[in-house]
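Residues 23 to 628 in the numbering used here are what the sequence shown lists, from first letter to last.
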Amino acid sequence: MSSKRKWRRMLYACTLGLLLALAACSGKKDSMADESGDKKTEKESKQVYSIDDFKLEKTNKGKAIDGGHFKYGIVYDTPFEGILNYNFSSGVPDGEIIDWFYGGLLNADKNHNITQDGAATFEVDESGRVFTFKIRDNVNWHDGKPVTAEDWAFAHEVIGHPDYTGVRYNDDFINIEGMEEYHSGKADSISGIEVLDDKTLRITYKKASPSLLSGGVWSRPLAKHIFKDIPVAKMEESDAVRKNPIGFGPFKIESITPGEAVVMTKNEDYWEGEPKLDKVTLKIINPKTVVQALKTGEVDTVDSFPADQYPDNAQMSNVEFLGNIEMSYTYIGFKLGTWDKEKKEVKPDPKKKMADVNLRKAMWHAIDNDAVGKQFYHGLRWRANTLIPPSHPTFHDKDNPGLTYDPEKAKKILDEAGYKDVDGDGMREDPQGKELVINFASMSGGDVAEPLANFYIQAWKNVGLHVQLLDGRLHEFNSFYDRVGNTGEDDPAIDIYMAAWSVATDVNPAGTYGRKALFNFPRYASEENDRLLDEGASEKAMDQEYRQEVYKEWQQLMVDEVPVIPTLYRAEITPVNHRVLNYTVEYYGLDRHEIAVTQEEPIKEK
23 MSSKRKWRRM
33 LYACTLGLLL
43 ALAACSGKKD
53 SMADESGDKK
63 TEKESKQVYS
73 IDDFKLEKTN
83 KGKAIDGGHF
93 KYGIVYDTPF
103 EGILNYNFSS
113 GVPDGEIIDW
123 FYGGLLNADK
133 NHNITQDGAA
143 TFEVDESGRV
153 FTFKIRDNVN
163 WHDGKPVTAE
173 DWAFAHEVIG
183 HPDYTGVRYN
193 DDFINIEGME
203 EYHSGKADSI
213 SGIEVLDDKT
223 LRITYKKASP
233 SLLSGGVWSR
243 PLAKHIFKDI
253 PVAKMEESDA
263 VRKNPIGFGP
273 FKIESITPGE
283 AVVMTKNEDY
293 WEGEPKLDKV
303 TLKIINPKTV
313 VQALKTGEVD
323 TVDSFPADQY
333 PDNAQMSNVE
343 FLGNIEMSYT
353 YIGFKLGTWD
363 KEKKEVKPDP
373 KKKMADVNLR
383 KAMWHAIDND
393 AVGKQFYHGL
403 RWRANTLIPP
413 SHPTFHDKDN
423 PGLTYDPEKA
433 KKILDEAGYK
443 DVDGDGMRED
453 PQGKELVINF
463 ASMSGGDVAE
473 PLANFYIQAW
483 KNVGLHVQLL
493 DGRLHEFNSF
503 YDRVGNTGED
513 DPAIDIYMAA
523 WSVATDVNPA
533 GTYGRKALFN
543 FPRYASEEND
553 RLLDEGASEK
563 AMDQEYRQEV
573 YKEWQQLMVD
583 EVPVIPTLYR
593 AEITPVNHRV
603 LNYTVEYYGL
613 DRHEIAVTQE
623 EPIKEK
């Protein structure tokens, strides 16, 4: 199951030096400018918000009209890639589009556990390893063909195929009996997957795991009648993915403007009932123009409103702002190895520039993420302490402080580790006496992207570390992730990078930090990490208290090893036009087929 996004805020208290540093980074004084150029007062610019200020559900006012055209904005500064199939996609913009027309066969509850009210139901045997799934009779592809157990099995066969080009093959698939033999080419089929009849699929897993009940089951079928004659290596680039994708969701694709927009019409045959809307348009909206797009009614809502723009627009009259804690965090990653494409696993490199854990710890101590959350995001993002966010409160270790802001401690750690200022220029050399220049990759997007990157660079400079932007600039989304390692090709010029991660419904972090996870962009691996990740997904971890202790230990390991610095947890603020009915930002609560509108066009700002 895929995850969504939502986020939070706190109180303001910074030293004068920090305020001056932040102002210098942004090129502004303490006041901030709104879109009209008007200056905000010092009091207004420092206002800090709380997630408690926001509701989860849109207030319904007015009567729904028949049909209607809903307009949805995807806030990004780059075109969407156009990989419009769950089995191959990895980018956020594509995922936002897919959610409207594809869907999964399994639903989940507020605790991220799968339920019996999805497009398929399930039974589990006493061993906890054998799942039998039954697809409902009225679940059909958009071309009228029924979604079958064969389609579900076929998705597993494609993802497990040696020629598969996507990113979905991970520990969840490896846990299926016979999958590794099939993946290596030693077997022609997957022994643990059985099609019992047109609507019934049985999957046998090697080990019982709590992950299987909270996202570890792949629930995205692949239409075999369309893809069966396409070589697996060419599926991702095929017209069936790029130009004419189909799903079984509440809306079906009518037209695609590559990289810019997708128009969908209602699927009258949708298994949960005919949608109330006639049409949905999804389009890319640049972060710099998102406010204007909302005020003019160009869009009814957006997937994620830039937190830094909320204070200047909190009183927008034509929308209601909703909010929730985001299932995500931002982080700074250290490049500690490469990706072995042949073995399809992480290959640590002890010779990497950032291999010294003391250097990594010092860089964490050098940055004040409390100040970042308050000054840049007005409390709508706040300091992260561990790599399991509070969106998973059962497992998030709120008592673990992480490494706190302490620049003097950072300097002491660097001194003791041999990073000295030999030339007296304020910049440290490495323990071998060689020049130390750290290349920092960061993404473009939004007004704070550049000043935020500069803030971190300045903080590291304050403890004597020379950090510079890769190529002297920010990088757009697609090229950034390509260079960080999204395809398995890691750019050796990158030493550190700043990115974000949306966590899965299952708390299991193996898909991001496991040895065989392509998304393990730091390329970090250790035997202790392997052990804890295995234990957290073991049969013993079916005992929740045991699993809590394992992940508490894992969070501490990540603090000790610092493969990445968790920087900020986030609250996502979602503005929704007043004409919209039945809209929510609660996890798993949005029934897209129930969304309605009270008038033909969005209400405009007065």
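Each residue gets a CB set at the ideal place from its N, CA and C atoms; glycine is no exception.
inquiry  = Going by C-alpha to C-alpha distance, which of Asp210, Ser233, Asp75 sits closest to Ala130?
reply    = Counted from its first residue, the sequence shown places residue 130 at position 108. Selected option, being the one with the closest Cα: Ser233.
query = Once you ignore the five residues that flank Glu438 on each side, which residues in its own chain have a CB closer than 8 angstroms to its CB?
reply = Mapped onto the sequence shown, residue 438 falls at position 416. By the criterion of a C-beta distance shorter than 8 angstroms, Glu438 is surrounded in its chain by Asn380, once the five residues flanking it on both sides are discounted.
message = Using the Cβ count rule (16 or more neighbours within 10 Å means buried), how would you classify Leu218?
response = If you number the sequence shown from 1, residue 218 lands on position 196. Leu218 is exposed by the Cβ-count criterion.
Whole runs of the alpha helix (DSSP H) within the region 533 to 582, excluding any shorter than 4 residues = If we require 4 residues or more, the alpha helix (DSSP H) runs fully inside the region 533 to 582 come out as 549 to 558.
ask   = At what residue ranges does the region 366 to 450 contain a whole run of the alpha helix (DSSP H), taking only runs of 4 or more?
value = Correct list: 379 to 387, 391 to 399, 429 to 438.
key: Inter-residue Cα distance where the pair is Ala406 and Ala526   = Counting from one through the sequence shown, the residue named residue 406 turns up at place 384. Counting from one through the sequence shown, the residue named residue 526 turns up at place 504. Taking the straight line from one Cα to the other gives about 17 angstroms.
Exposure label - Arg495; buried when at least 16 CB within 10 Å = Indexing the sequence shown from 1 puts residue 495 at position 473. Counting other Cβ atoms within 10 Å of its Cβ, Arg495 stays below 16 and is therefore classed as exposed.
key: Limits of the beta strand (DSSP E) - the one that Asn476 falls within   = Locating residue 476 in the sequence shown gives position 454, where the first residue counts as 1. No beta strand (DSSP E) contains Asn476, which is instead part of the alpha helix (DSSP H) from 471 to 483.
task = Return the chain-ordered list of same chain residues with a C-beta closer than 6 angstroms to the C-beta of Val146, the five sequence neighbours on each side being excluded.
result = For this step, residue 146 is matched to residue 124 along the sequence shown. Answer for Val146: Phe153, listed in chain order.
key: Integer-rounded CB distance, given that Ser350 should sit under 8 angstroms from Trp576   = Counted from its first residue, the sequence shown places residue 576 at position 554. Counted from its first residue, the sequence shown places residue 350 at position 328. Trp576 to Ser350, Cβ: 18 angstroms. No contact.
inquiry  = Using the three-state DSSP reduction, which class does Asp362 fall into: helix, strand or coil?
reply    = The residue labelled residue 362 in the question sits at position 340 within the sequence shown. Strand.
key: Alpha carbon of Gly200 to alpha carbon of Ser231, nearest angstrom   = In the sequence shown, residue 200 corresponds to position 178, counting from 1. In the sequence shown, residue 231 corresponds to position 209, counting from 1. CA-to-CA, the gap between Gly200 and Ser231 works out to about 17 angstroms.
request  = Find out if the Cβ-Cβ distance for the pair Tyr546, Val368 is shorter than 9 angstroms.
outcome  = Indexing the sequence shown from 1 puts residue 546 at position 524. Indexing the sequence shown from 1 puts residue 368 at position 346. Taking 9 angstroms as the Cβ cut-off, Tyr546 and Val368 qualify as a contacting pair.
query = Between the beta-carbon of Tyr609 and the beta-carbon of Ile410, is there less than 9 angstroms?
reply = The sequence position of residue 609 within the sequence shown is 587, counting from 1. The sequence position of residue 410 within the sequence shown is 388, counting from 1. No; because the gap between Cβ atoms is not below 9 angstroms, this pair is not in contact.
request  = Return the chain-ordered list of same chain residues with a C-beta closer than 6 angstroms to the C-beta of Val189, the five sequence neighbours on each side being excluded.
outcome  = Taking the first residue of the sequence shown as 1, we reach residue 189 at position 167. Hits under 6 angstroms: Ser112, Leu540.
inquiry  = Just to confirm the assignment, what range does the alpha helix (DSSP H) spanning Ile196 have?
reply    = Position 174 of the sequence shown, counted from the start, is the residue given in the question as residue 196. Looking at the DSSP string, the run of the alpha helix (DSSP H) that includes Ile196 is 193 to 196.
request  = Return the first residue and the last residue of the beta strand (DSSP E) that Ala593 is part of.
outcome  = Counting from 1 along the sequence shown, the entry for residue 593 is found at position 571. Membership of Ala593 in the beta strand (DSSP E) is indicated by the continuous run 586 to 599.
ask   = Between the region 513 to 521 and the region 324 to 344, do at least 3 Cβ pairs fall closer than 8 angstroms?
value = No, the region 513 to 521 does not touch the region 324 to 344.
ask   = When the Cα atoms are used, what is the spatial distance from Gly401 to Thr596?
value = Translated into the one-based positions of the sequence shown, residue 401 becomes position 379. Translated into the one-based positions of the sequence shown, residue 596 becomes position 574. Between the alpha carbons of Gly401 and Thr596 lies a distance of about 16 angstroms.
task = Note down the Cα distance separating Lys229 from Glu561, rounded to an integer number of angstroms.
result = As a working mapping, residue 229 is identified with position 207 in the sequence shown. As a working mapping, residue 561 is identified with position 539 in the sequence shown. Distance between Lys229 and Glu561, taken at the CA atoms: about 7 angstroms.
ask   = Smallest Cα separation from Gly182: which of Ala262, Glu203, Glu282, Ser241?
value = Position 160 of the sequence shown holds residue 182. Minimum Cα distance to Gly182 is reached at Glu203.
request  = Go to Lys288, then tell me how far its beta strand (DSSP E) extends in each direction, as first and last residue.
outcome  = As a first step, residue 288 must be located in the sequence shown, where it is residue number 266. Element bounds for Lys288: 283 to 288.
ask   = Taking buried to mean at least 16 other C-beta atoms within 10 Å of its own C-beta, is Lys365 buried or exposed?
value = By 1-based counting over the sequence shown, the position of residue 365 is 343. Here Lys365 is exposed. Its C-beta has fewer than 16 other C-beta atoms within 10 Å.
key: Val302 to Ala593 span [Cα, whole Å]   = Counted from its first residue, the sequence shown places residue 302 at position 280. Counted from its first residue, the sequence shown places residue 593 at position 571. Val302 and Ala593 have their C-alpha atoms some 26 angstroms from each other.
ask   = Quick one, which of Ser466, Asp469, Gln480, Ala471 has its alpha-carbon nearest Ile460's?
value = Sequence index remark: in the sequence shown, residue 460 carries index 438 (1-based). Residue Gln480 is the option with its Cα nearest to Ile460.
ask   = Along the chain, where does the beta strand (DSSP E) that runs through Asp219 open and close?
value = Along the sequence shown, read from residue 1 onward, the residue named residue 219 stands at position 197. From DSSP, the beta strand (DSSP E) with Asp219 extends over 215 to 219.
query = Out of Lys420, Arg450, Leu474, Asp421, which has the shortest C-alpha to C-alpha gap to Lys682?
reply = As shown, the chain starts at 23 and ends at 628. That puts residue 682 outside it, with no answer to give.
ask   = How is the alpha helix (DSSP H) around Gly125 delimited, first residue to last?
value = Counting from 1 along the sequence shown, the entry for residue 125 is found at position 103. Gly125 -> no alpha helix (DSSP H), and no H or E assigned at all.
ask   = CB-CB under 8 angstroms to Asp362, same chain, minus the five flanking residues each way: which ones, in chain order?
value = As a position in the sequence shown, residue 362 is number 340, starting the count at 1. Hits under 8 angstroms: Val368, Lys369.
ask   = Short check: CB of Thr426 to CB of Glu627, under 9 angstroms?
value = For the purposes of this step, residue 426 is identified with residue 404 of the sequence shown, where counting begins at 1. For the purposes of this step, residue 627 is identified with residue 605 of the sequence shown, where counting begins at 1. Not a contact, by the Cβ cut-off of 9 angstroms.
query = Rounded to whole angstroms, how far is the Cβ of His497 from the Cβ of Ser466, which I believe are closer than 8 angstroms?
reply = Indexing the sequence shown from 1 puts residue 497 at position 475. Indexing the sequence shown from 1 puts residue 466 at position 444. Right, their Cβ atoms sit about 7 angstroms apart.
request  = Grab me the residues of Pro429's own chain with a C-beta within less than 8 angstroms of its C-beta, minus the 5 sequence neighbours each way, in chain order.
outcome  = Position 407 of the sequence shown, counting from 1, holds the residue named residue 429. Excluding residues within five positions, the ones whose Cβ falls inside 8 angstroms are His387, Ala388, Ala481, Asn484, Val485.
task = Express the C-alpha separation of Pro423 and Asp582 in angstroms, rounding to a whole number.
result = On the sequence shown, position 560 is the one that residue 582 refers to. On the sequence shown, position 401 is the one that residue 423 refers to. So the two alpha carbons sit approximately 12 angstroms from each other.
key: Cβ distance (whole Å) where Pro272 is taken to contact His615 below 8 angstroms   = Here residue 272 is taken as the residue at index 250 of the sequence shown, counted from 1. Here residue 615 is taken as the residue at index 593 of the sequence shown, counted from 1. Contact between Pro272 and His615 holds, since their C-beta atoms are separated by about 4 angstroms, short of 8 angstroms.
ask   = For the beta strand (DSSP E) that Gly355 lies in, which residues bound it at each end?
value = As a position in the sequence shown, residue 355 is number 333, starting the count at 1. Counting along the chain, the beta strand (DSSP E) containing Gly355 begins and ends at 341 to 356.
inquiry  = If I measure Cβ to Cβ from Asn162 and keep anything under 8 angstroms in the same chain, skipping five residues before and after, which residues do I get?
reply    = Numbered from 1 along the sequence shown, position 140 holds the residue referred to as residue 162. Exclusion of the five residues before and after Asn162 leaves Pro168, Val169, Phe270, Asp291, Trp293 as the residues of its chain whose Cβ lies within less than 8 angstroms of its Cβ.
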